[in-house]
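Report on the structure given below.
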Amino acid sequence: MYLSRLRLRNFRNFTDQTLEFPPQGVAIVGDNGQGKTNLLEAIYYLEIFRSFRNAPDEQLVRFGEEVFRIEGRVTSAAGTAEEIAAAFDRRQRRKKVTVEDLEPPRFGDVIGRVGATIFSPSDIGIIAGSPGGRRRFLDILLSLSIPGYLAALQRFRQALTQRNALLRQGAAPALVAAWNDGLIRWGSRIIA
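With the working numbering applied, the sequence shown corresponds to residues 3 to 194, in that order.
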């Protein structure tokens with residue numbers, strides 16, 4: 003799978019730009035301030051539906067505009083294509099994601115369709131920083147590449163939070179054990 007087409011409307015410094023990408027890949031070259039990182043941000047936005055630069059969606063809308071829209075076509079080696087789009091309306095403070103013009107029940111159901119991974123200078127903390135930062139990076143990477151990983155991770159975290167709250171409250175062992183079962187169930191799916 004590869005991103006074969008990208009259209010940006012009112013995203014950062016792009017007014018209305020359509021780009022076609024060959025299966026061999028491309029090199030993005032340009033002077034400072036021309037939008038190279040903004041282009042990468044748009045591609046990755048279609049992957050996780052948020053900015054890798056941690057910018058709120060309101061800041062991604064081009065100055066003087068109210069809505070941005072990113073459209074992408076992901077093409078398989080066999081030539082089948084899938085259309086993915088994401089838009090944000092500043093007035094309504096609403097994000098809309100579609101795959102083949104259909105809105106998924108949850109964004110998490112369609113995360114990872116583009117197959118993009120970002121590694122930026124701010125990610126140096128993965129190597130030099132805390133184990134928690136490395137775990138977060140790996141969780142993101144695995145969520146994008148393994149179907150069901152994100153859902154299992156969310157359920158594991160929920161079970162962990164509930165169990166720890168019960169332990170702090172001194173709850174009955176039977177209540178704690180019920181959440182331990184959830185930790186085992188979802189934890190085994192995460193490490194499998």
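Glycine residues also receive a C-beta, built at the ideal position from the N, C-alpha and C atoms.
- Query: How would you label residue 65, buried or exposed, when you count the other beta carbons within 10 angstroms and need 16 or more for buried?
  - Reply: Counting from one through the sequence shown, the residue named residue 65 turns up at place 63. Flag for residue 65 reads exposed.
- Would you mind giving the Cβ-Cβ distance between residue 16 and residue 37, rounded to the nearest angstrom? I have them listed as a contact below 8 Å. In the sequence shown, residue 16 corresponds to position 14, counting from 1. In the sequence shown, residue 37 corresponds to position 35, counting from 1. Right, their Cβ atoms sit about 6 Å apart.
- Determine the contact status of residue 158 and residue 188, defining contact as a CB-CB distance below 7 Å. The residue labelled residue 158 in the question sits at position 156 within the sequence shown. The residue labelled residue 188 in the question sits at position 186 within the sequence shown. Cβ distance < 7 Å, so residue 158 and residue 188 count as in contact.
- Alpha carbon to alpha carbon, how far is residue 192 from residue 164? Translated into positions along the sequence shown, residue 192 becomes position 190. Translated into positions along the sequence shown, residue 164 becomes position 162. Distance between the alpha carbons of residue 192 and residue 164: 18 Å.
- Message: Applying the 10 Å Cβ sphere with the 16-neighbour rule, what's the burial state of residue 12?
- Response: Indexing the sequence shown from 1 puts residue 12 at position 10. Answer is buried; the Cβ neighbour count reaches 16.
- Item | Whole-angstrom C-beta distance between residue 83 and residue 76, which should lie under 8 Å | Looking up residue 76 in the sequence shown gives position 74. Looking up residue 83 in the sequence shown gives position 81. Yes, residue 76 and residue 83 are in contact; Cβ-Cβ is about 7 Å, under 8 Å.
- Task: Specify, as a first and last residue, the run of the beta strand (DSSP E) that residue 18 falls within.
- Result: Residue mapping note: residue 18 aligns to position 16 of the sequence shown, counting from 1. Looking at the DSSP string, the run of the beta strand (DSSP E) that includes residue 18 is 16 to 22.
- residue 152 and residue 113 look like a contact to me (Cβ under 8 Å); what is the Cβ gap, rounded to whole Å? The residue you call residue 152 lines up with position 150 of the sequence shown. The residue you call residue 113 lines up with position 111 of the sequence shown. Right, their Cβ atoms sit about 6 Å apart.
- Does the segment 111 to 131 come close enough to the segment 41 to 57 to have 3 or more Cβ pairs within less than 8 Å? yes
- Query: Using a Cβ-Cβ cut-off of 6 Å (strictly less than) and excluding sequence neighbours within five positions of residue 51, which residues of its own chain qualify?
  - Reply: Counted from its first residue, the sequence shown places residue 51 at position 49. Within the same chain, residue 51 has close Cβ partners 88, 99, 109.
- Query: According to DSSP, is residue 137 helix, strand or coil?
  - Reply: In the sequence shown, counting from the first residue as 1, residue 137 sits at position 135. Three-state DSSP puts residue 137 in a helix.
- Message: So within the segment 101 to 164, which uninterrupted alpha helix (DSSP H) runs reach at least 4 residues, ignoring any that extend past its ends?
- Response: 127 to 130, 133 to 147
- Query: For residue 96, which of 70, 104, 132, 5 has the nearest alpha-carbon?
  - Reply: Here the question's residue 96 lines up with position 94 in the sequence shown. Out of 70, 104, 132, 5, 70 has the C-alpha closest to the C-alpha of residue 96.
- Query: CA-CA distance, residue 178 and residue 186?
  - Reply: Position 176 of the sequence shown, counting from 1, holds the residue named residue 178. Position 184 of the sequence shown, counting from 1, holds the residue named residue 186. If you take the alpha carbons of residue 178 and residue 186, they lie about 13 Å apart.
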